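Heads up: the structure comes next, in structure tokens.
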Amino acid sequence: MDRREIAALLAYIGRLDPRSIRTDEGEARDQLAQWHELLGDVPMATSHGWDARVAARQHYRTSPYQIQPADVVRPWESYRRNRLALHWDPTPSADPDDQAAWTAELVGTRRAVAAGTAQPAYAPAITSSQEELNPRLQARLNEIGSCIPPAARAALAPFRPARAAREAAVAQGLPDALSVRCEWCLAPVGEPCRRRRIGPNDRVRTITPRTDPHPGRLDLAAAKQAQRTEKAQQPALA
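The working numbering puts the first residue of the sequence shown at 293, with every later residue one more than the last.
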């Protein structure tokens with residue numbers, strides 16, 4: 293708040309509590325300087341729920357004592373903490389290789405949320421999955437074609453052979469074996485099939501992931517893919 297806003301706030305407080313009114317010019321000037329020093333970084337009001345006059349009115353509704361600058365600062369700090377607690381940092385639209393621009397955009401967004409000039413960005417998992425991406429991010433994703441660039445995907449292929457085999461099969465139009473549960477090794481959906489090594493006492497010694505899925509899992513995935521295709525080709529019922 294600037295000095296004019298501080299003066300307006302003190303005038304409003306004077307209407308609520310005449311005890312806070314300073315009739316002497318020197319005392320009024322000192323009071324204005326004190327409040328401006330302590331509330332200079334607190335806004336008078338924001339478009340997202342903060343108003344210093346509401347904080348002053350709430351003080352007099354719950355306390356018989358004269359208001360002090362701290363009685364306005366405390367609600368403001370609580371307001372900032374609550375907004376930052378609700379905020380989920382969205383992915384900046386800046387180039388991630390430009391660390392300075394990336395950090396500046398992230399910090400700027402947090403400061404805007406804390407200052408009450410922007411609404412907190414909620415996590416997509418607790419809002420809607422239909423929320424549109426930032427236009428710049430969407431354009432970059434369309435250009436690359438994937439969240440992982442092709443060069444990085446090729447470099448990672450030797451270290452995750454099961455994922456590479458799955459992506460190659462899907463690219464060729466083959467059924468995705470990992471989309472169903474394996475009835476042979478009981479591998480859940482999304483995880484590769486497993487190879488069990490049995491010890492002399494017929495107990496499982498180790499379990500290692502397989503690069504290629506079991507044939508039965510492939511057959512089950514192909515059957516489910518055929519069912520989905522047949523269902524999609526059926527005419528829609530009126």
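Beta carbons are placed, not taken as given, at the ideal position from N, Cα and C, and that holds for glycine. Here the structure is a predicted model, which means the values were calculated and not measured.
Counting the other CB atoms within 10 Å of its CB gives Val334 a total of 16 or more, which places it among the buried residues. Here Ala337 carries a strand assignment [DSSP, helix/strand/coil]. Annotation for Arg486: the continuous beta strand (DSSP E) segment containing it runs 486-490. Excluding its 5 nearest sequence neighbours in each direction, Leu512 has C-beta neighbours in its own chain below 6 Å: Val472, listed in chain order. The count of Cβ pairs closer than 8 Å, one atom from the region 334-344 and one from the region 310-323, stays below three, leaving the stretches out of contact. Spatial neighbours of Asp363 in its own chain (CB-CB distance under 6 Å, excluding positions within 5 residues in sequence) are listed in chain order as His351. Counting C-beta pairs closer than 8 Å gives three or more between the region 479-489 and the region 497-512, which meets the contact rule. Nearest to Gly332 by C-alpha distance, out of Glu297, Gln391, Ala431, is Glu297. A straight line joining the alpha-carbon of Ala320 with that of Thr395 spans about 44 Å. Within 10 angstroms of the beta-carbon of Pro441 lie fewer than 16 other beta-carbons, which makes it exposed.
Of the other Cβ atoms in all chains shown, 16 or more fall within 10 Å of the Cβ of Gly408; this residue is therefore buried. Under the DSSP assignment, Glu397 falls in the alpha helix (DSSP H) whose first and last residues are 391-407. In this structure, Leu376 sits away from Val399, with a CB-CB distance that is not shorter than 8 Å. In the three-state reduction of the DSSP assignment, Ile305 falls in the helix class, which pools H, G and I.
Separation of the CB atoms of Gln323 and Leu302 is rounded to 7 Å, and the pair is thereby assigned contact status at 8 Å.
The C-alpha of Gln464 lies about 58 Å from the C-alpha of Trp368. In the DSSP assignment, Glu369 falls within the unbroken alpha helix (DSSP H) covering 362-378.
Distances from the CA of Gly306 to each of Gln358, Thr521, Arg295 were compared; the closest alpha carbon is that of Gln358. With respect to the 8 Å criterion, Asp504 and Ala457 are classified as neighbours on the basis of their beta carbons.
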